[in-house]
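Peer 1:
Residue numbers (this note's numbering): 1 to 333.
#1: Give the range of the alpha helix (DSSP H) segment to which residue 307 is assigned.
#2: With DSSP as the reference, identify every bridge partner of residue 74, one or two as the case may be.
#3: Could you please give me the residues that DSSP links to residue 242 through a beta bridge?
#4: CB residue 87 to CB residue 277, shorter than 9 Å?
#5: Please list the terminal residues of the continuous alpha helix (DSSP H) segment that includes residue 49.
#6: Who are the Cβ neighbours of residue 136 in its own chain at under 7 Å, not counting the five residues just before and after it?
#7: Note down the Cα distance separating residue 191 from residue 220, rounded to an integer number of angstroms.
#8: So, is residue 217 buried or exposed, given that buried needs 16 or more other C-beta atoms within 10 angstroms?
#9: Return yes when the Cβ of residue 155 is within less than 9 Å of the Cβ of residue 47, no when it is not.
#10: Pull the bridge partners of residue 247 from the DSSP assignment, please.
#11: Step through the CB atoms of chain B and report whether any lies within less than 9 Å of the CB of residue 286.
#12: May I ask you to check if the CB of residue 102 is nearer than 8 Å to at least one heavy atom of the ligand MG?
#13: Distance check for residue 177 and residue 237, CA to CA, integer angstroms please.
#14: If we require 4 or more residues per run, which alpha helix (DSSP H) segments fall completely within the region 261-302?
#15: Any idea what DSSP makes of residue 110, helix, strand or coil?
#16: CB-CB under 8 Å to residue 43, same chain, minus the five flanking residues each way: which ones, in chain order?
#17: Just to confirm my understanding: we take residue 319, look at its own chain, exclude 5 residues before and 5 after, and list those with CB closer than 8 Å. What are they?
#18: Could you tell me whether the region 96-115 touches the region 60-74, where touching means 3 or more Cβ pairs closer than 8 Å?
#19: Got a sec, what are the start and stop residues for the alpha helix (DSSP H) residue 209 sits in?
#20: Nearest by alpha-carbon distance to residue 362: which of 101, 172, 231 is it?
#21: Three-state secondary structure (DSSP) at residue 130?
#22: Quick one: is residue 314 buried, meaning 16 or more other Cβ sit within 10 Å of its Cβ, or exposed?
#23: Please report the straight-line C-alpha distance between residue 206 and residue 58, rounded to a whole angstrom.
#24: Determine the direct distance from the alpha carbon of residue 298 to that of residue 201, and round the result to whole angstroms.
#25: Mind checking residue 152: buried by the 16 CB within 10 Å criterion, or exposed?
#26: When you compare each of 240, 295, 251 to residue 231 by their alpha carbons, which one comes out closest?
#27: For residue 163, which of helix, strand or coil comes out of DSSP?
#28: Measuring CB atoms only, is the region 115-132 touching the region 95-105, in the sense that at least three cross pairs come out at less than 8 Å?
#29: Leaving out five residues before and five after residue 119 in sequence, what residues of the same chain have Cβ atoms less than 8 Å from its Cβ?
#30: Would you please state the rounded distance, in angstroms, between the beta carbons of residue 35 and residue 275? I believe it to be under 8 Å.
#31: Taking the beta carbon of residue 93 as the centre, do at least 16 other beta carbons fall within 10 Å, making it buried, or is it exposed?
#32: Considering only residues of the same chain and omitting the five flanking positions on each side of residue 38, which have a CB-CB separation below 8 Å?
#33: In whole angstroms, what separates the C-alpha of residue 260 from that of residue 181?
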């Protein structure tokens, strides 16, 4: 999710219930699990042992927005609001950006790439301290913001297609399509977590590439819409006394086909960069041993890990019922 306007509590709860497959919760949880399989042996047991919690907590920053008025703009960056060519000319350093745009502007128009680096420092400090709860907390939150940075519409003021008469495009792309299509996705990546010599450039590359995708996303929606009547394209529903308009499943599938393989690729890229950041934080912390906070690691655990890695490599996590985000209620350690 991106923007979080003020609604009554009941309306907010209704929206949350409608989007609990909501990236979207489904993708945020999925990419955390996939990232675990890409980690090196020195830290993989710790993350694997706590994968249920990392998966379950993946949407937490979205949930936190209801109680924290400062949360919303940590999830996106509206490049157009920072001037022409801002995606390629904005300072990548927070202090330099504040000097150029002011802190108030950054807090108003979004600052996700800067916040990712802030959270990276928090996770590094948690590794140094050896605090299990802090490591898991910041790893989950960091992964969430990295995931959001890969959603193209998190980089544009036209975040929901509302400026081009395409309202609803945001949830269609990041939630509805993955929910409909994930069983056909290739979730496997041969990527192995890599140390990021320049984490700042890595996250900026993600938002910059996403921003270049926005015009294509809008154009494809228009192109597909030409083959649908209004009644075929939208469904009208009443939710708690409010009329809501959303894309139909038929339109969502047609739009997904027009976009392929973009959504699947961004999902995989999100997981890859999450793994890179988790690993980089650990290295920058001095590569602390994690065996002390990985209690009871046994041969049975090793076998379970290998089973999941084998399924991951065959792209059979869903087929073998091992994708936690597809379960009704992920368990926590």
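Note that beta-carbon positions come from the ideal geometry of N, C-alpha and C, so glycine has one too.
Peer 2: Here's the rundown:
#1: First-last of the alpha helix (DSSP H) with residue 307: 299-313.
#2: Its beta-bridge partners do not exist; DSSP assigns none.
#3: Bridge partners of residue 242 according to DSSP: 239.
#4: The criterion of a C-beta distance shorter than 9 Å is not satisfied by residue 87 and residue 277.
#5: Segment 44-49, the alpha helix (DSSP H) holding residue 49.
#6: Cβ neighbours of residue 136 beyond the five flanking positions: 50, 53, 54.
#7: Rounded to the nearest angstrom, the two C-alpha atoms are 30 Å apart.
#8: Burial call: buried.
#9: Contact: no.
#10: Secondary-structure assignment with DSSP links residue 247 through a beta bridge to 234.
#11: Looking at the structure shown, chain B is missing, and only one protein chain is on hand.
#12: Of ligands this structure carries none, so the ligand MG is not represented either.
#13: Note on geometry: alpha-carbon atoms of residue 237 and residue 177 lie some 19 Å from one another.
#14: Fully enclosed alpha helix (DSSP H) runs of 4 or longer: 262-284.
#15: In the structure shown, residue 110 sits in a strand (DSSP, three-state: E or B).
#16: Within the same chain, residue 43 has close Cβ partners 278, 279, 282, 290.
#17: Correct list, in chain order: 311.
#18: Contact holds: three or more Cβ-Cβ distances are below 8 Å.
#19: Counting along the chain, residue 209 sits inside the alpha helix (DSSP H) bounded by residues 199-225.
#20: Residue 362 falls outside the range modelled here, since the chain spans only 1 to 333, and no answer is possible.
#21: Taken through DSSP and simplified to helix, strand or coil, residue 130 comes out as coil.
#22: Answer is exposed; the Cβ neighbour count stays below 16.
#23: Taking the straight line from one Cα to the other gives about 19 Å.
#24: The alpha-carbon atoms of residue 201 and residue 298 are separated by roughly 38 Å.
#25: Answer is buried; the Cβ neighbour count reaches 16.
#26: That would be 251, whose Cα lies nearest to the Cα of residue 231.
#27: If DSSP states are grouped into helix, strand and coil, residue 163 belongs with coil.
#28: No, the region 115-132 does not touch the region 95-105.
#29: Only residues of its own chain outside the window of five on either side were considered, and among them 138, 141, 142, 145 have a CB closer than 8 Å to the CB of residue 119, listed in chain order.
#30: At roughly 4 Å, the Cβ-Cβ gap stays under 8 Å, so residue 35 and residue 275 are in contact.
#31: Residue burial annotation: residue 93 is exposed, with fewer than 16 other C-beta atoms found within 10 angstroms of its C-beta.
#32: Contacts found: 189, 191, 192, 193, 271, 272, 275.
#33: Whole-angstrom Cα-Cα distance: 10 Å.
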